[in-house]
Amino acid sequence: MKFPIYMDNQATTPVDPRVLEAMLPFFCERFGNAASRNHPFGWEAEKAVDLGRQQVAELIGASPKEIVFTSGATESDNLAIKGVAEMYREKGNHIITVVTEHKAVLDTCKRLEKQGFQVTFLPVRRDGLVDLDQLSAAITDRTLLVSVMMANNEIGVVQPVAEIGRIARSRGVLFHTDAVQAAGKVPFDVDRLNVDLASLSAHKMYGPKGVGALYVRRKNPRVLLTPGIDGGGHERGMRSGTLNVPGIVGFGKAAAICREEMAAEGARLLGLRSRLWDGLRQRLDEIHVNGSLESRLPNNLNVSFAYVEGESLLMGINDVAVSSGSACTSASLEPSYVLKALGTGDDLAHSSIRFGLGRFTTGEEVDYVIEKVTSVVQRLREMSPLYEMAKDGVDLRKVEWQR
Amino acid sequence: MSYSEKVIDHYNSPRNVGSLSKDDENVGTGLVGAPECGDVMKLQVKVNPETGVIDDARFKTFGCGSAIASSSLATEWLKGRTLDEALEIKNVDIVNELSLPPVKIHCSVLAEDAIKAAIADYKRKQAQERSQAEEADLTPAVAERSGA
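Protein sequences, first through last, are from chains A and B.
The numbering of the first sequence is the numbering used here, which starts it at 9 and goes up by one.
The numbering of the second sequence is the numbering used here, which starts it at 947 and goes up by one.
This is the structure we're talking about:
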């Protein structure tokens, strides 16, 4: 086993060696600009980009012409939401999204709010999923766009995107989904799900950082966007800037591998995830999964270990790379807004750990993590006044805490 | 976040973890912080009634590594001090000793609060003891007088 163990695959994934191999020739030898139309260097680069575009499109059931390459999913989210808002400004001024979205969506919507758009931030249920009746009721004749992520980056819950797509389509509203965590992990087909715009990122699927894509539907309906970056008119005018050829080659290869291996890999990850969860709950009491365990990515487990603070737990398992919803681990000093949105008490939000399994996670590593986490949680509980009080029968919610 | 060696040392081998009997009249207990803020410290001192010196100190902490280290260090420093000397421990002393970064200063503040709360609780108990003792002294006197 190699230490530290990487179990934070929702943050990023390593580049698959097969992906790197595909990319390497495009740095020093085949370095052409894909927009150079008059010599073989450009043609070679363009051909490579075409293949990458084809591979990314195939992963999500799109046509290659519907793929706009970007610098990553944050840019894709910005382009989708701001691009629609500006393009269709005369048709409406209302956007619907969800409180547990990624900041790239939430903060983009908040900026539009300042510019006079109205945004509805829908709550989620206890299981982290959006209520479809609430979503449906929020749509008005001024609504331009519904933006709901397919899978959440913290808790891995998979939203009912097929139903959301159906509702949006039937009401004549565009549907954007941030599919960063889902694409390549679970089946995601833009036609079957009635998705009009989808954000993708290469580095969450064993491709390189710095490259992403926005799927933009070309027909039924044809979606138009106001570009966010002006320049040479690349990517059908929607995203100017010289194409990141090696990145796109890697993205394409990564998408092709995910597509080929998805079924087997999904089943393998689900097995490892169950092994992790069963192992932990057999050894420890008072631990809770945050969000639906059923409607969830196979590689994510987000657990709160009651009476133990997340950062101190991370400190104890410092040979395992995971992340925590504890305020102490975030720059904002606030506990995870996603967990708070589920109605998880702040105390349990502080006690949460996200385990993100991946392509290179082994059963041996999972077993090690189970034992390690168990021993550290037990040690910290022995040190926890809250655990002692709870064991003495004190109702912690009724204590008057001195802040 | 990277931790100083002293924080790591206290985290890995915390000093004086545990609980003293709350019912002991010579024990003062401070419980500060709140679970939703991510830090709760319980700090206890046991005072020698003869000398007024803190004989023993214990802690339990729910919180990050710096919070655990701050309270662990506090218990080390409390032992052997009189109550007045104990109240001289300031959060900046803890910050300096553990090299806490600015975002962790609240952990040291909480430890100082816990010391103050434990000592206040001890003094409150002692005052209660005294007044009960005085009442007990008075009762027979009153009875004698009324019986006379």
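We treat Cβ as the ideally placed atom computed from N, Cα and C, and that holds for glycine.
Computed from a predicted structure; not experimentally measured.
Next item on the list: Determine which residues share a DSSP beta bridge with Asn310(A) and list them.
Entry: Numbered from 1 along the first sequence, position 302 holds the residue referred to as residue 310(A). Beta-bridge pairing links Asn310(A) to Arg362(A).
Next item on the list: List the endpoints of the continuous beta strand (DSSP E) containing Gln126(A).
Entry: As a position in the first sequence, residue 126(A) is number 118, starting the count at 1. Gln126(A) -> beta strand (DSSP E) spans 126–130.
Checklist line | Extent of the continuous alpha helix (DSSP H) to which Met31(A) belongs | finding: As a first step, residue 31(A) is located in the first sequence; it is residue number 23 there, counting from the start. Where Met31(A) is concerned, the enclosing alpha helix (DSSP H) stretches over 25–31.
Checklist line | Near-chain B residues of the region 301–312 of chain A - C-beta to any C-beta below 8 Å | finding: Of all residues in the region 301–312 of chain A, none has a Cβ within less than 8 Å of some Cβ in chain B.
Item checked: Distance between Lys1025(B) and Thr369(A) (C-alpha atoms, nearest Å) -> Residue numbering aside, residue 369(A) sits at position 361 when the first sequence is read from its first letter. Residue numbering aside, residue 1025(B) sits at position 79 when the second sequence is read from its first letter. Their backbone Cα atoms lie some 48 Å apart in a straight line.
Next item on the list: Note down, in chain order, every chain A residue with its Cβ under 8 Å from the Cβ of Ile1014(B).
Entry: Here residue 1014(B) corresponds to residue number 68 of the second sequence, with the count starting at 1. The answer, in chain order, is Ser320, Met391.
Check: Does the beta carbon of Pro1047(B) sit closer than 8 Å to a beta carbon anywhere in chain A?
Finding: Residue 1047(B) sits at position 101 when you count from the first residue of the second sequence. No, Pro1047(B) does not count as interfacial toward chain A.
Note to self: At 3 residues or longer, what runs of the beta strand (DSSP E) sit wholly inside the region 22–89 of chain A?
What the structure shows: The region 22–89 of chain A contains these whole beta strand (DSSP E) runs: 75–78.
Notebook entry, point to check: Can you find at least 3 beta carbon pairs, one from the region 261–273 of chain A and one from the region 308–324 of chain A, that sit closer than 8 Å?
Noted result: no
Check: Thinking C-beta only, is Ser1016(B) closer than 8 Å to Ser1045(B)?
Finding: Position 99 of the second sequence holds residue 1045(B). Position 70 of the second sequence holds residue 1016(B). For Ser1045(B) and Ser1016(B), no; Cβs fall outside 8 Å.
Margin query: For a contact defined as C-beta to C-beta under 8 Å, what are the partners of Thr1021(B) on chain A?
Written below: The residue you call residue 1021(B) lines up with position 75 of the second sequence. Within chain A, no residue comes near Thr1021(B); the closest Cβ sits about 12 Å away, beyond 8 Å.
Check: Which residue or residues does DSSP assign as beta-bridge partners of Thr997(B)?
Finding: The sequence position of residue 997(B) within the second sequence is 51, counting from 1. DSSP, once it has assigned bridges, lists no residue as partnering Thr997(B).
Margin query: Just to confirm my understanding: we take Arg61(A), look at its own chain, exclude 5 residues before and 5 after, and list those with CB closer than 6 Å. What are they?
Written below: One-based indexing of the first sequence puts residue 61(A) at position 53. Here the set comprises Pro72, Ile75.
Notebook entry, point to check: What's the gap between the Cα of Ile163(A) and the Cα of Phe11(A)?
Noted result: Within the first sequence, the letter at position 155 stands for residue 163(A). Within the first sequence, the letter at position 3 stands for residue 11(A). Cα-Cα distance, rounded: 25 Å.
Next item on the list: Give a yes or no on whether the C-beta atoms belonging to Phe129(A) and Val107(A) are separated by under 8 Å.
Entry: For the purposes of this step, residue 129(A) is taken as the residue at position 121 of the first sequence. For the purposes of this step, residue 107(A) is taken as the residue at position 99 of the first sequence. Cβ distance < 8 Å, so Phe129(A) and Val107(A) count as in contact.
Notebook entry, point to check: Comparing the C-beta of Thr1007(B) with each C-beta of chain A, is any distance below 8 Å?
Noted result: One-based indexing of the second sequence puts residue 1007(B) at position 61. Taking Cβ atoms only, chain A reaches closer than 8 Å to Thr1007(B), which makes this a yes.
Next item on the list: Could you tell me how far apart the beta carbons of Asp985(B) and Phe1005(B) are, in whole angstroms, since I believe they sit closer than 8 Å?
Entry: Counting from one through the second sequence, the residue named residue 985(B) turns up at place 39. Counting from one through the second sequence, the residue named residue 1005(B) turns up at place 59. No, Asp985(B) and Phe1005(B) are not in contact; Cβ-Cβ is about 12 Å, not under 8 Å.
Next item on the list: Could you check how far apart the C-beta atoms of Ser207(A) and Ala88(A) are, in whole angstroms? I think they sit under 8 Å.
Entry: For the purposes of this step, residue 207(A) is identified with residue 199 of the first sequence, where counting begins at 1. For the purposes of this step, residue 88(A) is identified with residue 80 of the first sequence, where counting begins at 1. Their Cβ separation, rounded to whole angstroms, is 6 Å, which keeps Ser207(A) and Ala88(A) in contact under 8 Å.
Note to self: Determine, for Lys992(B), whether the minimum Cβ-Cβ distance to residues of chain A falls below 8 Å.
What the structure shows: For the purposes of this step, residue 992(B) is taken as the residue at position 46 of the second sequence. Judged by the 8 Å Cβ criterion, Lys992(B) is not in contact with chain A.
Check: Under a Cβ-count criterion, where at least 16 other Cβ atoms within 10 Å of its own Cβ denotes burial, should Leu347(A) be classed as buried or exposed?
Finding: For the purposes of this step, residue 347(A) is taken as the residue at position 339 of the first sequence. So Leu347(A) counts as buried.
Item checked: Sub-8 Å separation of Glu319(A) and Ser334(A) beta-carbons -> For the purposes of this step, residue 319(A) is identified with residue 311 of the first sequence, where counting begins at 1. For the purposes of this step, residue 334(A) is identified with residue 326 of the first sequence, where counting begins at 1. The answer is yes: Cβ separation under 8 Å.
Checklist line | Interface partners of Gly334(A) on chain B, CB under 9 Å | finding: What you label residue 334(A) is simply residue 326 of the first sequence in a count that begins at 1. The residue you asked about is not Gly; residue 334(A) is Ser in the sequence shown. Chain B residues near Ser334(A): Gly984, Cys1010.
Check: Would Trp1023(B) be called buried (16 or more neighbouring beta carbons within 10 Å of its own) or exposed?
Finding: Counting from 1 along the second sequence, the entry for residue 1023(B) is found at position 77. Its Cβ being crowded by 16 or more others within 10 Å, Trp1023(B) is buried.
Margin query: If I measure Cβ to Cβ from Val316(A) and keep anything under 7 Å in the same chain, skipping five residues before and after, which residues do I get?
Written below: If you number the first sequence from 1, residue 316(A) lands on position 308. Within its own chain, the residues whose Cβ lies closer than 7 Å to the Cβ of Val316(A), once the five positions on either side in sequence are excluded, are Ser359, Val385, Leu388, Arg389, Ser392, listed in chain order.
Item checked: Under the three-state DSSP convention, the category Ala1089(B) falls into -> For the purposes of this step, residue 1089(B) is taken as the residue at position 143 of the second sequence. Because the pLDDT at Ala1089(B) is just 47, under 50, the model does not fix this residue reliably, and the value given afterwards should be weighed accordingly. It is helical.
Checklist line | Contact with chain A by Lys968(B), beta-carbon distance below 8 Å | finding: For the purposes of this step, residue 968(B) is identified with residue 22 of the second sequence, where counting begins at 1. When Cβ-Cβ separations below 8 Å define contact, Lys968(B) makes no contact with chain A.
Check: Which of the three DSSP states, helix, strand or coil, is assigned to Val203(A)?
Finding: Taking the first residue of the first sequence as 1, we reach residue 203(A) at position 195. The answer is coil: DSSP assigns Val203(A) none of H, G, I, E or B.
Notebook entry, point to check: Does any CB atom of chain A fall closer than 8 Å to the CB of Ser950(B)?
Noted result: Locating residue 950(B) in the second sequence gives position 4, where the first residue counts as 1. Not one chain A Cβ lies under 8 Å of Ser950(B).
Note to self: With a threshold of 8 Å between beta-carbons, can His358(A) be considered close to chain B, or not?
What the structure shows: Mapped onto the first sequence, residue 358(A) falls at position 350. Judged by the 8 Å Cβ criterion, His358(A) is in contact with chain B.
Notebook entry, point to check: Are Phe34(A) and Val257(A) closer than 8 Å when you measure CB to CB?
Noted result: By one-based count along the first sequence, residue 34(A) stands at place 26. By one-based count along the first sequence, residue 257(A) stands at place 249. It is a contact, given that the beta carbons lie within the stated cut-off.
Next item on the list: Use the C-beta contact count for Arg247(A): other C-beta atoms within 10 angstroms, 16 or more gives buried, fewer gives exposed.
Entry: As a first step, residue 247(A) must be located in the first sequence, where it is residue number 239. The residue is buried, with at least 16 neighbouring Cβ atoms inside 10 Å.
Notebook entry, point to check: What does Lys988(B) reach in chain A if we use C-beta pairs closer than 7 Å?
Noted result: For the purposes of this step, residue 988(B) is taken as the residue at position 42 of the second sequence. Going along chain A in sequence order, the residues near Lys988(B) (Cβ under 7 Å) are Pro393.
Next item on the list: With 8 Å as the threshold, decide whether the Cβ of Trp285(A) is near any Cβ in chain B.
Entry: Mapped onto the first sequence, residue 285(A) falls at position 277. Cβ-Cβ to chain B under 8 Å: no for Trp285(A).
Next item on the list: To the nearest angstrom, report how far apart Ala145(A) and Leu182(A) are at their CA atoms.
Entry: Here residue 145(A) refers to the residue found at position 137 when the first sequence is read from its first residue. Here residue 182(A) refers to the residue found at position 174 when the first sequence is read from its first residue. Roughly 16 Å separates the two Cα atoms.
Checklist line | Beta-carbon neighbours of Tyr315(A), restricted to chain B and to distances below 7 Å | finding: Your numbering for residue 315(A) matches position 307 in the first sequence. Residues of chain B passing the Cβ test: Phe1008.
Checklist line | Extent of the continuous beta strand (DSSP E) to which His296(A) belongs | finding: Here residue 296(A) refers to the residue found at position 288 of the first sequence. Counting along the chain, the beta strand (DSSP E) containing His296(A) begins and ends at 295–297.
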